[in-house]
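Encoded as structure tokens, the structure appears first; notes follow it.
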Amino acid sequence: MTGISIAGFAQKMEKIMPEIMRGFLRMQHNDIYKGKITLPQLLILDLLSSQEASKMTDLAKLMKVTTAATTGIVQRLVLLGYVQREYDQNDRRIIRVKLSVKGAELLKKINQQRMHLVTKIFNQISEDDRGEYLRILTQVRDILDKEVNR
-12 MTGISIAGFA QKMEKIMPEI MRGFLRMQHN DIYKGKITLP QLLILDLLSS QEASKMTDLA
48 KLMKVTTAAT TGIVQRLVLL GYVQREYDQN DRRIIRVKLS VKGAELLKKI NQQRMHLVTK
108 IFNQISEDDR GEYLRILTQV RDILDKEVNR
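Our numbering applies: residue -12 is where the sequence shown begins, and numbers increase by one.
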């Protein structure tokens, strides 16, 4: 598909990306697909998996949403038992959020299913094409990081 204008490329991407996302979601058999947790909740779980505990304000900054929005997301995760709130011993006004054992198990299960699905799909694509795809995705991620952090 060479010689496509940027407008034509954008139109094709706008159509194909949701189709790809829906396809991946339909093939998954986890709590996201079943509607038990949302993508923003999964992002919070993923952020917490790489940290001991995090303040609500820090999570809001990482998610690029308000603290109130983050509080709502976290509250639903607390009710589901996937995260826990802890009060700072030196300042009770500071609340830290951490992944619970149940949340870590869910995240592990989702990640295993995702790895299986990616392996199943991309096993049907040549090694060279996979490498090129990964190179382009990495470049897109880096551009997005620069744009977001301007």
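For each residue, glycine too, the CB sits at the ideal point set by N, CA and C.
Quick caveat, the model's predicted, so the values are computed rather than measured.
- The beta carbons of Ser41 and Leu35 sit about 6 angstroms from each other, so the pair counts as a contact at 8 angstroms.
- Per DSSP, the continuous beta strand (DSSP E) segment holding Glu73 begins and ends at 70 to 74.
- Between the alpha carbons of Lys51 and Asp45 lies a gap of roughly 10 angstroms.
- Taking one beta carbon from each stretch, the segment 88 to 95 and the segment 73 to 80 have fewer than 3 pairs nearer than 8 angstroms; the two do not touch.
- Pairwise C-beta distances place the segment 59 to 70 out of contact with the segment 96 to 105, as fewer than three of them are shorter than 8 angstroms.
- Residue pairing by DSSP places Val84 opposite Ser41, Arg72 in a beta bridge.
- For Lys2, the enclosing alpha helix (DSSP H) stretches over residues -7 to 14.
- The Cβ-Cβ distance between Thr25 and Met43 does not fall below 7 angstroms.
- Here Ile97 is buried, its C-beta having at least 16 other C-beta atoms within 10 Å.
- In this structure, the CA atom of Asn136 is about 32 angstroms from the CA atom of Gly(-10).
- Val84 and Thr57 have their C-alpha atoms spaced approximately 11 angstroms apart.
- In the structure shown, the three-state DSSP call for Val61 is helix.
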